[in-house]
Amino acid sequence: MTLTCSSKVCSFGKQVVEKVEMEQAQLEDGRFKYHLLHSPMCECLVVTNRDSQELLLCTAYIFEASTSERGAQHHVYRLVRD
Numbered sequence: 000m001t002l003t004c005s006s007k008v009c010s011f012g013k014q015v016v017e018k019v020e021m022e023q024a025q026l027e028d029g030r031f032k033y034h035l036l037h038s039p040m041c042e043c044l045v046v047t048n049r050d051s052q053e054l055l056l057c058t059a060y061i062f063e064a065s066t067s068e069r070g071a072q073h074h075v076y077r078l079v080r081d
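This note's numbering puts the first residue of the sequence shown at 0, with every later residue one more than the last.
See the structure below:
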C-alpha cells in the first residue's frame, strides 16, 4: 500500500504552503513500516491510502494564546470530517 502524506502550513487561517509525498512500506523485522522522515510534524498532516483515498490519519495543531483579567486562556478544537 502506498501512502500519500500531505503537510500544510497555515497562517491567519489561510494555507501558505503544502507538501505532498508518496511513501512505500519497507519490510523490517517481519512488519511493513512507513518512515515519514521527510515530512516533519506540521500544523496540519493528512495521511491517506493513495489507491483507495481512504483517510488514515489527520492531525492539526492550533496554538492560541491570549490574556485576560481571568488569566491565561486556552481552547481545544476537534477535527470533524465533512
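In this text, a Cβ means the ideal position worked out from N, Cα and C, and glycines have one as well.
Query: Would you grab the beta carbon distance between GLU27 and LEU35 for me? Rounded to a whole angstrom, and I think it's under 8 Å.; Result: About 15 Å separates the two Cβ atoms, so there is no contact after all.
Query: Roughly how many whole angstroms lie between the Cα atoms of THR58 and CYS43?; Result: 6 Å
Query: As an exercise, report each continuous alpha helix (DSSP H) stretch of at least 4 residues that is fully enclosed by the segment 10 to 68, in chain order.; Result: none
Query: Out of CYS9, VAL46, LYS18 and THR3, which one is the CA nearest neighbour of TYR60?; Result: CYS9
Query: If you drop the 5 nearest sequence neighbours on each side, which residues of the same chain put their C-beta closer than 6 Å to that of VAL19?; Result: SER5
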